[in-house]
């Protein structure tokens, strides 16, 4: 395998290009009136934005980047904040998906959820905290 591929439908291509250029830290390699393509080396990802007049429903739980350390989580958080991307919330020392993690969440212009996370350790429970675990929608 060379790269994973995600094709994402978006309602506002221009806003999505700005968001994903900031999120990935690179510009798209191809932009058309209804399409944009990013080729990321690390992680290996072919990511495309496909303009649609309407996007309904969310067939995806969320997207994310697993990083090497808590410091890297914080570096991405700072970078995105500096780019004007609004952070949804942090989860530090959270137990989620059978792992102890540090993470934060952002949403793209169409509401797709992204997390940057570092896994500190494996644990024996799915969710120990009162968080939504693997979604940026915090539990009430």
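Numbering (this note's numbering), first residue to last: 259 to 398. Using N, Cα and C, we set each Cβ at its ideal position, and we do this for glycine too.
- Residue burial annotation: residue 314 is exposed, with fewer than 16 other C-beta atoms found within 10 angstroms of its C-beta.
- By the neighbour-count criterion, in which a residue is buried when 16 or more other Cβ atoms sit within 10 angstroms of its Cβ, residue 327 is exposed.
- Counting only residues of its own chain and dropping the five nearest sequence neighbours on each side, residue 335 has a CB closer than 6 Å to the CB of 362.
- Under the three-state reduction of DSSP, residue 312 is assigned to coil, being neither helix nor strand.
- The Cβ atoms of residue 296 and residue 287 sit closer than 8 Å to each other.
- A straight line joining the alpha-carbon of residue 370 with that of residue 267 spans about 10 Å.
- Cβ atoms of residue 305 and residue 372 stay farther apart than 8 Å, at about 12 Å.
- Close CB contacts of residue 331 within its chain, under the 8 Å cut and outside five residues either way in sequence, are with 325, 360, 361, 362, 374, 375, 376 (chain order).
- Counted as a single uninterrupted DSSP element, the beta strand (DSSP E) harbouring residue 373 occupies residues 371 to 380.
- When the Cα atoms are used, residue 364 and residue 270 turn out to be separated by approximately 17 Å.
- Counting other Cβ atoms within 10 Å of its Cβ, residue 353 reaches 16 or more and is therefore classed as buried.
- With fewer than 16 other Cβ atoms inside 10 Å of its own Cβ, residue 348 counts as exposed.
- Assignment of residue 285 by DSSP, reduced to helix, strand and coil, places it in the coil class.
- Within the region 304 to 360, the alpha helix (DSSP H) runs of at least 4 residues that lie entirely inside it are, in chain order, 328 to 340.
- Each residue's CA atom was taken as its position, placing residue 265 and residue 318 some 12 Å apart.
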